[in-house]
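Visitor:
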Amino acid sequence: MLDTVQTVRRPPGRTSSGPARSARRRPRFGPYLLILPALVTIAVLLIWPVAQIARMSFQKVGLRQLRGEPAENVGLDNYRQILGDDEFWAALRHTLLFAAVAVAATLVVGTLVGLLLNRLGRRMSAFVAGGVLIAWATPPVTAAVIFAWLFGTTGGLVGWFLDLLPNWLVGGGWQNYNWFSSPLPDYTVLTICVVWMSFPFVAVSVLAGLRTVPGELYEAARVDGSSAWNTFWKITFPLLRPVFGVLLTMSVIWDFRVFTQLFVLSGLANSDSFNLSLYGYSEAFGSLNAKYGLGSAIAMVLTVLVLIVTAVHTRMIVRQEGVA
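Using the numbering used here, you'd call the opening residue of the sequence shown number 333 and step up by one each time.
(1) Quick check on residue 615: does DSSP put it in helix, strand or coil?
(2) Going residue by residue through the region 587-653, where are the continuous alpha helix (DSSP H) segments of at least 4 residues, counting only ones entirely within it?
(3) Assuming residue 430 and residue 587 are in contact, meaning their beta carbons sit under 8 Å apart, how far apart are those beta carbons, in whole angstroms?
(4) Using only CA atoms, which one of 539, 462, 438 and 510 lies nearest to residue 581?
(5) Taking residue 432 as the reference, which of 648, 585, 615 and 460 has the closest Cα?
(6) Please report the Cβ distance between residue 460 and residue 452, rounded to the nearest whole angstrom; I am assuming they are in contact, meaning their Cβ atoms lie under 8 Å.
(7) Could you name the residues of the same chain whose beta carbon sits closer than 8 Å to that of residue 564, not counting the 5 residues immediately before and after it, in chain order?
(8) When we look at the beta-carbon of residue 364 and count the other beta-carbons within 10 Å, is it buried (16 or more) or exposed?
(9) Examine the Cβ distances between the region 533-553 and the region 482-499 and report whether three or more of them are shorter than 8 Å.
(10) Does DSSP classify residue 410 as helix, strand or coil?
(11) Could you check where the alpha helix (DSSP H) with residue 537 kicks off and where it finishes?
(12) Leaving aside the five residues before and after residue 494 along the sequence, list all residues of the same chain whose C-beta is less than 6 Å from its C-beta, in chain order.
(13) So, with DSSP's three-state summary, where would you put residue 354?
(14) With residue 612 and residue 631 assumed to form a contact (beta carbons below 8 Å), what rounded beta-carbon distance in angstroms separates them?
(15) Straight-line CA distance for residue 623 to residue 508?
(16) Pick helix, strand or coil for residue 404, following the three-state DSSP scheme.
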């Protein structure tokens, strides 16, 4: 006897999972409600001030406008004025060169310290990591004051130490040398200060990434006779590429907008050492004739520059991850 298979015809438009599918199609507002406080905070603390600065960059705003007088719309005059100023291009050059050197030095020093911490025992690495994080936790003003004292012309420790070395090696008269009189020594001190403050975060992040790499890979590399250099570029760097990508992006953002350290070290007297942040502050608040519109235009140029660099690097990371 052959079993007959009866097909049950369902009314059109209905399925057995109809209620479940309709339930899945209902809009869920729970996730949006969870991120709503963060969105409101970002809008109030970031988007709204940036929008106000963007509006002021097209206006002539001074002390009279702050007292209640209407601001005068000047269109692109503020941008034309800063683009025609040689001081702006010098500040832009300083910003780009300093960011390139400081970011590279921070990543190299932080990576080397992270590799060193990974070779220590867990207790010792935790102790050393906690010690170096003190530099990262130091406020920028405090760090700048420390380095201003170290490189100062009156009782500076660096000048005193250099004078102890033979003259044929480093020359003489370092105790009277003014490190903050010209851009090159000024930015040398600034780079050392920024790298000293920034490398601990990179080192701890690299250490956390190294703890996720399987030890069997390094064991196999040692058996094959791979050198430390080849092991890093063939195993460590490819596996920690996302970590290095995030660290690079954050370092670029931080170093492009360095202000506090340079302000404390150099001040407003040495305009030859301005970067874009200090140049914008000088134009907006550096004199009795405040030019808030001009300072806002400089701030917008710096913001757009940082966004472009960050977007290009983020796009490169996404492409690399997609290929991998």
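C-beta atoms are modelled at their ideal positions from N, C-alpha and C, and glycine is treated no differently.
Fair warning: this is a prediction, and the values are worked out from it, not measured in the lab.
Guide: Reading from the atomic positions:
(1) Under the three-state reduction of DSSP, residue 615 is assigned to helix.
(2) When DSSP assignments are scanned along the region 587-653, the uninterrupted stretches of alpha helix (DSSP H) that are 4 or more residues long and fall wholly within it turn out to be 592-597 and 608-617.
(3) Rounded, the Cβ-Cβ distance is 7 Å, consistent with contact.
(4) Check the Cα spacing between residue 581 and each of 539, 462, 438 and 510: the tightest is with 438.
(5) The candidate whose alpha carbon is nearest that of residue 432 is 585.
(6) Taking 8 Å as the upper bound for CB-CB distance, residue 460 and residue 452 are in contact here, some 7 Å apart.
(7) Once the five neighbours on either side are set aside, the close Cβ partners of residue 564 are 447.
(8) Residue 364 is classed as exposed because its beta carbon has fewer than 16 other beta carbons within 10 Å across all chains shown.
(9) Cβ pair count under 8 Å is below three, so no.
(10) It is helical.
(11) In the DSSP annotation of this structure, the continuous segment of the alpha helix (DSSP H) that includes residue 537 starts and ends at 515-542.
(12) Excluding positions up to five away in sequence, the list reads 502 and 506.
(13) Any reading at residue 354 needs caution, since the residue's pLDDT is 48, under 50, leaving its predicted position unreliable; the model's value is listed next. When DSSP states are grouped into helix, strand and coil, residue 354 belongs to the helix group.
(14) With a contact defined as Cβ atoms closer than 8 Å, residue 612 and residue 631 qualify at about 5 Å.
(15) For residue 623 and residue 508, the distance between alpha carbons rounds to 37 Å.
(16) Strand at residue 404.
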